Amino acid sequence: MQLIWCEWIWMRGRIMKKPQGLSNFQITAVVTQSIIGLIMLGIARRAARMAGIDGVFVTLITGVLSAAVAAVMILLGNRFPNQTVIEFSQEILGKFLGRLFGAFFVFYTMLVTAVTVRGFADALIMLLLPKTPIEFVMITMLILCSYCVAGGISSVARINEIFLPPVIIVISLVILMNIGDVDLFRYRAVFSNGIKPILSGIAEISTAYLGYEILFFLSPVVKNKDKMMPYGLAGIAIPLVLYSGLVFVSIGIDGASATADIIYPTIQLARRISLFGSAVEKFDILFILLWILSIFTTIITFLYMASISVTRLAGLRNYKPFIFMLIPLIYMIAILPANIVDINTVVTLSDYIGTAVVLSCIPMLLLSILRKKGGKKNGS
Numbered sequence: 000m001q002l003i004w005c006e007w008i009w010m011r012g013r014i015m016k017k018p019q020g021l022s023n024f025q026i027t028a029v030v031t032q033s034i035i036g037l038i039m040l041g042i043a044r045r046a047a048r049m050a051g052i053d054g055v056f057v058t059l060i061t062g063v064l065s066a067a068v069a070a071v072m073i074l075l076g077n078r079f080p081n082q083t084v085i086e087f088s089q090e091i092l093g094k095f096l097g098r099l100f101g102a103f104f105v106f107y108t109m110l111v112t113a114v115t116v117r118g119f120a121d122a123l124i125m126l127l128l129p130k131t132p133i134e135f136v137m138i139t140m141l142i143l144c145s146y147c148v149a150g151g152i153s154s155v156a157r158i159n160e161i162f163l164p165p166v167i168i169v170i171s172l173v174i175l176m177n178i179g180d181v182d183l184f185r186y187r188a189v190f191s192n193g194i195k196p197i198l199s200g201i202a203e204i205s206t207a208y209l210g211y212e213i214l215f216f217l218s219p220v221v222k223n224k225d226k227m228m229p230y231g232l233a234g235i236a237i238p239l240v241l242y243s244g245l246v247f248v249s250i251g252i253d254g255a256s257a258t259a260d261i262i263y264p265t266i267q268l269a270r271r272i273s274l275f276g277s278a279v280e281k282f283d284i285l286f287i288l289l290w291i292l293s294i295f296t297t298i299i300t301f302l303y304m305a306s307i308s309v310t311r312l313a314g315l316r317n318y319k320p321f322i323f324m325l326i327p328l329i330y331m332i333a334i335l336p337a338n339i340v341d342i343n344t345v346v347t348l349s350d351y352i353g354t355a356v357v358l359s360c361i362p363m364l365l366l367s368i369l370r371k372k373g374g375k376k377n378g379s
């Protein structure tokens with residue numbers, strides 16, 4: 000099904016005589032789908048483990064802080080509306096440090112792509128395909144994603160645009176159909192453990208919002224650049240609401256201690272749902288299918304960032320050959336971890352690097368202002 004969608008979207012993009020740029024809704028869709036991915040299944044577990052009963056508040060606060068960082072990222076991009084971060088970082092930091100940052104960013108996007116593909120394959124085999132070789136799942140997903148990314152940012156944006164509404168609807172159903180079973184009495188002890196678990200929880204949950212670094216690449220390709228701020232922030236507001244809802248319902252039903260021990264709390268919630276009596280008993284299967292689409296959009300976005308970054312770092316314009324050069328490297332990184340300990344090590348590494356990448360926008364914005372880089376001359 001994904002291959003058919005990619006074929007249709009790519010051909011539609013090729014018959015267009017002139018690129019029109021991304022629409023306002025496509026900005027929101029790309030940012031949202033870049034964030035919502037693998038972590039969606041275990042966001043409640045992570046929040047409960049780090050902050051206990053305060054997990055929902057930590058999720059909300061972290062989302063607001065992520066939106067603030069994203070706003071800085073958009074302001075930085077607006078100063079260089081015709082350049083990606085790989086290009087304007089060299090203007091701000093100088094050639095050497097800028098290229099070093101670019102190489103760092105390439106490694107990060109490849110690492111996230113590999114981690115997401117591996118996590119997707121592990122989860123899919125556990126939930127649906129226990130006898131399927133993990134190599135087959137990963138190779139199939141990477142081939143599909145590379146085919147779609149080759150269609151350009153317009154194809155990536157359209158895929159995100161098409162898949163976002165059903166993903167939001169299904170996650171919202173999971174929340175709303177379970178909210179009646181929430182025991183509000185469980186929340187009587189909020190903030191009883193002090194500020195320390197909340198602060199440590201913010202540091203941990205912040206990585207669940209990673210993905211909005213795609214904003215570093217959108218300024219040159221959007222139709223209405225003056226709409227980047229509201230629609231970019233809307234792309235973070237959607238995961239904020241959905242994540243907070245999932246955490247609230249999971250902890251409210253099972254308690255913080257039990258939720259912290261469930262591998263995929265969101266799947267647990269989906270399995271509790273029965274729509275239209277017994278007509279739709281396997282709602283969790285529908286949820287998993289939509290989750291696969293969400294993972295797919297996350298992977299194509301990060302693969303796009305990786306290929307564009309390598310291309311701009313090399314001073315070239317055609318990124319398509321680099322897509323297929325990166326795929327074997329990404330596969331090797333994905334297949335390398337031998338066990339869950341190794342996988343967690345790679346995930347932790349990608350989280351640390353991702354945090355450094357998104358926070359880099361703050362000093363870069365300050366430096367661009369102090370050194371008078373960017374602004375009107377870059378918008379001409």
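If you count the sequence shown from 1, position 72 lands on 71 in numbering that gives the first Met the number 0, and the numbers rise without skipping.
Virtual Cβ for every residue (Gly too), placed ideally from N, Cα, C.
This one's a predicted model, so the numbers in the text were calculated from it and none came from an experiment.
- Rounded to the nearest whole angstrom, the C-alpha separation of Ile-168 and Gly-179 is 18 Å.
- Unbroken alpha helix (DSSP H) stretches of 4 residues or longer found wholly inside the region 228 to 307: 255 to 260 and 264 to 270, given in chain order.
- DSSP, reduced to helix, strand and coil, places Val-169 within a helical segment of the structure shown.
- Along the region 304 to 354, the alpha helix (DSSP H) occurs as fully enclosed runs of 4 or more residues at 319 to 334, listed in sequence order.
- With fewer than 16 other CB atoms across the displayed protein chains lying within 10 angstroms of its CB, Val-340 is exposed.
- Leu-163 is not a Cβ neighbour of Thr-297, given a cutoff of 9 Å.
- With three or more CB-CB distances shorter than 8 Å, the region 67 to 79 counts as touching the region 356 to 372.
- Within the same chain, Cβ atoms closer than 7 Å to the Cβ of Gly-20 are found at Val-220, Val-221 and Lys-222, the five residues on either side in sequence being excluded.
- For the pair Pro-229 and Ser-349, the Cα-to-Cα distance works out to about 28 Å.
- Beta-bridge partners of Leu-99 (DSSP): none assigned.
- With 16 or more neighbouring CB atoms inside 10 Å of its own CB, Ser-218 falls in the buried class.
- Assigned with DSSP and collapsed to three states, Val-189 falls in coil, not helix or strand.
- Following the DSSP letters along the chain, one finds Glu-134 inside the alpha helix (DSSP H) bounded by residues 133 to 148.
- The Cβ atoms of Thr-61 and Ile-201 lie closer than 9 Å to each other.
- For the pair Ala-50 and Ala-66, the Cα-to-Cα distance works out to about 21 Å.
- Separation of the CB atoms of Thr-58 and Ala-305 is rounded to 28 Å, and the pair is thereby denied contact status at 8 Å.
- By the criterion of at least three beta-carbon pairs nearer than 8 Å, the region 41 to 48 is in contact with the region 246 to 265.
- Judged by DSSP in its simplified three-state form, Val-181 adopts coil rather than helix or strand.
- It is roughly 49 Å from the alpha-carbon of Val-309 to the alpha-carbon of Arg-185.
- For Leu-198, the three-state secondary structure derived from DSSP is helix.
- Judged by their CB atoms, Leu-198 and Phe-282 are not nearer to each other than the 9 Å cut-off.
- The criterion of a C-beta distance shorter than 9 Å is not satisfied by Ala-333 and Val-29.
- In the three-state scheme derived from DSSP, where H, G and I count as helix and E and B as strand, Leu-209 is classed as coil.
- Taking the C-beta atoms as reference points, Tyr-208 is found no nearer than 9 Å to Leu-241.
- Secondary structure note for Pro-362: its alpha helix (DSSP H) is the uninterrupted segment 360 to 369.
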